[in-house]
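The structure under discussion appears below in the form of structure tokens.
Residue numbers (my numbering): 29 to 142.
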């Protein structure tokens with residue numbers, strides 16, 4: 029995963045951390061206007077926009093998990109891969125190390141790779 033853009037860095041020691049996660053087909057930079065507004069509203073917070081490690085199967089942007097898997101499994105079903113990603117994310121919060129978060133492997137290759 030590439031470094032996440034830091035949208036706002038507090039002048040003094042941070043009191044809060046705001047993480048922004050984009051939607052399917054978007055990227056971390058797409059949330060910059062929101063992050064800048066949040067930085068003005070919460071000047072003591074770090075605001076970081078995080079980019080997914082997986083290219084979107086739409087051919088542009090990025091995705092956290094395959095929308096195709098959700099469409100197949102049903103809108104309210106939670107595929108096992110999403111549950112495992114949530115578990116990994118929760119465990120990485122205490123260390124700040126996101127390198128162990130799983131990459132999406134259960135969806136077809138993105139159009140750009142075909």
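Using N, Cα and C, we set each Cβ at its ideal position, and we do this for glycine too. Treat the numbers as computed from the prediction; the structure is a model and nothing was measured.
In whole angstroms, give me the CA-to-CA distance for residue i and residue j.
{"i": "residue 60", "j": "residue 92", "result": "18 Å"}
{"i": "residue 53", "j": "residue 82", "result": "10 Å"}
{"i": "residue 38", "j": "residue 76", "result": "12 Å"}
{"i": "residue 46", "j": "residue 67", "result": "9 Å"}
{"i": "residue 79", "j": "residue 49", "result": "7 Å"}
{"i": "residue 64", "j": "residue 108", "result": "35 Å"}
{"i": "residue 40", "j": "residue 62", "result": "21 Å"}
I'd like to confirm something about residue i: is its beta-carbon nearer than 7 Å to some heavy atom of the ligand NAD, or not?
{"i": "residue 43", "result": "What this structure holds is no ligand at all, so the ligand NAD is not there to describe."}
Just list the residues that DSSP pairs residue i with in beta bridges.
{"i": "residue 91", "result": "82"}
{"i": "residue 34", "result": "76"}
Between the Cα of residue i and the Cα atoms of the options, which residue gives the shortest distance?
{"i": "residue 73", "options": "42, 85, 113, 34", "result": "42"}
{"i": "residue 88", "options": "36, 56, 33", "result": "56"}
{"i": "residue 84", "options": "118, 44, 40, 51", "result": "51"}
| request: Within the segment 36-88, note down every full beta strand (DSSP E) run reaching 3 residues or more, in order along the chain. | output: 44-49, 73-78
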